[in-house]
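Here the structure comes first, spelled out in structure tokens, and everything after it is commentary.
Residue numbers (the working numbering), protein chains in the order written: chain B, 62 to 764; chain L, 62 to 764.
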């Protein structure tokens, strides 16, 4: 018996491509099972190398599947043939255009699949929007964008370094700081989220930025040259304004950690965790099937994993829970008095990372660190600025997990007996590295029929150099001020001598197109309110009662977590009842979260006003996918969730979508430096009167 | 080579007792290592059986260790010799009396340990309080309680069944319901938490209760006979009032689940999780040492696990974090208009479970369900009503866990390299079964120097029979009412035909005697507040800033989680600075939680007013351990946290204690029936400016 671990297959480029092409890496354990003798294995490899288009070709099994490399090339070819591309054209965004929901719901396996692609091009400063029908090989629509702009690209952010650092104003600022060797200086531009600067007139492509200096550097993230801030016309590749906020010495560089891992603390004993027979899930034509759950997912360059068509089998049939769930936008505003720093307002999904930062929002996962070694990994297809595709491995992982916790348990007083069941869960994980920060995104499917959505924030803090070497004694106004009343206000915390990590927030908007037992749902808000009992009540005079309320329109459906006024938020199907006559629901159950503290008048809030509430509900609209707008570059916030809901559309007994905000404020600490320990925030989708009983009652006695 | 798994040792009573006597079960894997040949193993067992008092005798290694069986017997003997016990005396509470903190801190290994015990006796309705010095073999103090009363006992709660069910009023109520075979009827009493009933005069020992009927029963927890409520004088063993709230038919009994575990869903593959070389922690004289953490714990019949002397080693020395952490009280008020149900207001730790419900708040854990099979289990010693001790195995477990998550990770844009470290954690777990509910209590020690405290609620709902078989159509007022305005108020939800699960809350008060780098700490409240920038600011006009405030007195230190007014809560040592000149702190970081919705005027709130805020801080007072009071039976709430803080004592730069409230409201669902899937709530203790950097940077590349 001979086994071929994945590395062997990986060394055969054709096979490797094929394996990746179907957007799935086989679990090597299963290959061990397949190849029971050497001859069969070699024969299999040989045959595979001969028939690259057969059986394992990248395939579209379903209208919502990821774009294949072939589809990227077809998109390029159609646009090229139509003369829409010049030598200077940059593909800034290439995204699957989802078919209308009704089309997807009506589609049956075996039927033809019409595939369309939304493309945004940037040619010499002008932005173009195209929809390409790759099935028909034609352009559906094409237009130059007037007010909207193509998202920023890698070459704009990091491609002007040579021009920027030779600008006389930059040279002068560098000279003031005794920086002369320009080879160690790197200047960059990031999109200037609208704050009504004089330069920010409609249509102008404005960025802002600064420079880093790598002298004596061991660690890149503390090398920002303090005080230099410039505004750039990204089309003209010219600095329109440079503001020098004053010279502060570069801080000592951070000692780099042992990148190869330190020795274990003496006495650390090994763990053995394995699934010797492989995982319990199956994947057929892209559909994942695990325990009672079924779902699909694709990897999208803009929003990451898109989970689709999630159903739960109640023992009699698969029942719809979630048509689609994905991140819609991220928002990370920094909170510092100086423009250099408060200009850091990142809308990472739509404004930054569609095609910057070495490719898309999803980055490779490290087996044994980000996911267990026994996880199954999936590759994804992304695109270069010239429109051609590339396949990157290990962009998602799927694994079962046993945490050692029971799903239920009870000690029975009558019989002195303990009963209970251990549990396992299924985790779908990706990671977004957006510059300094890394976010793990989890979709965890549970045996109690709930889904836990998790965001784990780790990576590196953004830090500014300050003259302060210590936090005691006299502290500079860059870190701390006192007002007339003697109250202290702090803007960041020292994480090392001369290095302050600036206060900021993290917000994530999740688009949750729940379809509980069908498309037509209503939002039910079950408030818990104090309830006065009659005076004749012999003991208690007050209880609380649950007061159900159903918001009629999207304008009424802006909800916040409140410790004083708690409520449960449900997606309810008024047309379907369980065996007890209860309308079936799924609850959106918040975890620890936060909302924005800035006034709505503040420009970043006009673009990310969704961060002002924890839950919003709108009617389903295929054109409303991105809470801060489809086009963010230069946007002043018209196409945003808070504006959508001004229409005050009906949300009762119709197809509705939830927008849930995960948020937290981050006052950094030295313990977050030079890498931040992961901080998880979660929320759950929980069945409520969806099932007739706890579905985990009869699980086996082993997890 | 021969191994003796634990079951072999367990079959030898002497050895088994010895093993349990040191409050620790050996990990069988380590025994496998020890006994390398049959002869040695047999010789070892033989020797052990000859020298029961040697080496493995139950021992007190430290002033804060659990009481030993020997100490229980000494306590009994001292009281017996002093003539304090009669044939009718019930030991209602026997608890270690902790030495003064200064004494504990000054104590060194090898020095004598003075051990004292607080005892509460109930003799023919009179309550007595004694402190016994078991080291000196004498009574320190002894008095009859005047207003305070001994906690309720098992024999009071379930010992009057025969008297109660033969009361003519009960017989009449049963007859109305066509219940005649009294052998299937069980009537019980629970302590009547003060609500100012006419019977509740000082000194009277008042309970209330009802009856269950086991005809055709498969499941005990839905057999409450609806509508029967009586008040009982527990000393006189007489019903003072019976109120019949009306006949409702007994509901169909719930089909019992497969108690032996069902078959796995087809395709479920096994997991292999083991620590072949045993755990990485060591325990020496009761001190647990794992990674950089050291701590002790004891198992207390009233509050469960008490974690002590938690230190974190920063690479140079062990630094104090937490002198003591434990649950102080639990509070579970039910919310129903009918007295039968709103009388269910449980203060489980102090009022109920010291010596009821088959013994103490801590119940045995099931290996493979409640804890991983490779966990190390610990026994504990509790007491019978006659004062004699008994040892119960598997009351706590300690295990390492690898979840597959990284402790930190980063993808570096510059180098296209991923770095990161997998992590493991150490979990100390117990379970409290308090009647119907089971609560898992976790103390999780992390490699990033934080501690996560978790409460997992599972077990069985309390349900009332209602005439409603379905939730649609006409619904009875026992479940739902409409007020004059047409607003609906619901009191519970159907979980099965004729079975309504009543709305209720769960609150847990944690006593956290943090001693960050020493005993003198201050509470720092780091508020995040909007901060206006000067009009001249070129882009942003508003940021938020961190505004540190230090409450001076306990009266100012009542804090709530707020989404609109967020803050970080710190225990800060103003006398100790880290290398950056920052005062060292630990943050108390809330998770999802709740506070009471009842007005403070409501009687249950007078006894459990601590549930009205998420965080309270008081100066350390050895007599203030229990937030609802030391004596709860009959209490009207004088000795409670909200009253303590009326003294408005200084909490700055002194020894202070935090009281953190975990709370949640529970509107049950059929999915919680017949056993509730576990719901976890957590909070964290996180280092803040305590360490100079992330302590998990240099962990090894395997977890």
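Even for Gly, the Cβ is constructed at its ideal location relative to N, Cα and C.
Given the structure is predicted, the values throughout are model-derived calculations rather than measurements.
Beta-bridge analysis with DSSP links residue 558 of chain L to no other residue.
The alpha carbon of residue 144 of chain B has as its nearest neighbour, out of B/184, B/526, B/691 and B/371, the alpha carbon of B/184.
Among the residues facing chain L, residue 592 of chain B is included, as its CB has a counterpart in that chain under 9 Å away. Within the same chain, Cβ atoms closer than 8 Å to the Cβ of residue 596 of chain L are found at 602, the five residues on either side in sequence being excluded. Per DSSP, residue 402 of chain L lies in no beta strand (DSSP E) segment; the continuous alpha helix (DSSP H) that holds it begins and ends at 400-403. Contact of residue 480 of chain B with chain L is assigned, a C-beta pair being separated by under 9 Å. Between residue 518 of chain L and residue 287 of chain L the beta-carbon gap is near 25 Å, outside 8 Å, which marks them as no contact. Note: residue 585 of chain B is bridge-paired with B/631 in the DSSP secondary-structure output. Contact with chain B is absent for residue 365 of chain L, since none of that chain's Cβ atoms lies less than 9 Å from the residue's Cβ. The beta carbon of residue 404 of chain L lies closer than 6 Å to those of 269 in the same chain, with the five residues before and after it left out. In this structure, residue 215 of chain L lies near residue 446 of chain L, with their beta-carbon atoms less than 9 Å apart. When Cβ-Cβ separations below 9 Å define contact, residue 632 of chain L makes no contact with chain B. DSSP, reduced to helix, strand and coil, places residue 327 of chain B outside both helices and strands of the structure shown, so it counts as coil. Here residue 165 of chain B carries a helix assignment [DSSP, helix/strand/coil]. Annotation: residue 734 of chain B is outside any alpha helix (DSSP H) and is labelled neither H nor E by DSSP. Listed in chain order, the beta strand (DSSP E) elements of length 3 or more contained wholly in the segment 606-658 of chain L are 628-638 and 644-650. The three-state reading of DSSP puts residue 570 of chain B in strand, counting E and B together. Restricted to the segment 258-335 of chain B, the beta strand (DSSP E) segments that are unbroken, complete and at least 3 residues in length are 267-274, 289-294, 299-305 and 333-335, listed in chain order.
Annotated three-state conformation of residue 347 of chain L is coil, per DSSP. Among the bridge pairs identified by DSSP, residue 500 of chain L is matched with L/493 and L/518. Boundaries of the alpha helix (DSSP H) harbouring residue 216 of chain B: 215-219, taken from the DSSP string.
Residues 481, 482, 755 and 757 of the same chain have their beta carbon placed closer than 7 Å to that of residue 469 of chain L, with the five preceding and five following residues left out of the count. Using a 10 angstroms sphere on the CB of residue 626 of chain L, the tally of other CB atoms stays under 16, which defines it as exposed.
For residue 424 of chain B, the C-beta contacts it makes with chain L under 9 Å involve 472 and 479, in order along the chain. In the three-state reduction of the DSSP assignment, residue 240 of chain B falls in the coil class.
Proximity of residue 550 of chain B to chain L, defined by a Cβ-Cβ separation below 9 Å, is satisfied. Using a Cβ-Cβ cut-off of 9 Å, residue 685 of chain L is close to nothing in chain B; its nearest Cβ partner there is about 25 Å away. By the rule that beta-carbons nearer than 9 Å mark a contact, residue 726 of chain L touches chain B. Under the Cβ criterion of 9 Å, residue 443 of chain B is not counted among the residues facing chain L. Straight through space, the alpha carbons of residue 567 of chain B and residue 331 of chain L are spaced by roughly 38 Å. If you check each beta-carbon in the segment 319-334 of chain L against every beta-carbon of chain B, the ones closer than 8 Å belong to 319, 320, 321, 322, 323, 324, 325, 326, 328, 329, 330, 331, 332, 333 and 334. Residue range 130-142 is occupied by the alpha helix (DSSP H) that includes residue 132 of chain B. Note on geometry: alpha-carbon atoms of residue 181 of chain L and residue 676 of chain L lie some 30 Å from one another.
Residues of chain B whose Cβ lies closer than 9 Å to the Cβ of residue 624 of chain L are, in chain order, 621, 622, 623, 624, 654, 655, 656, 675 and 724.
A buried status is given to residue 539 of chain B, since no fewer than 16 other beta-carbon atoms sit within 10 Å of its beta-carbon.
Listed along chain B, the residues sitting closer than 9 Å to residue 752 of chain L by beta-carbon distance are 730, 731 and 732.
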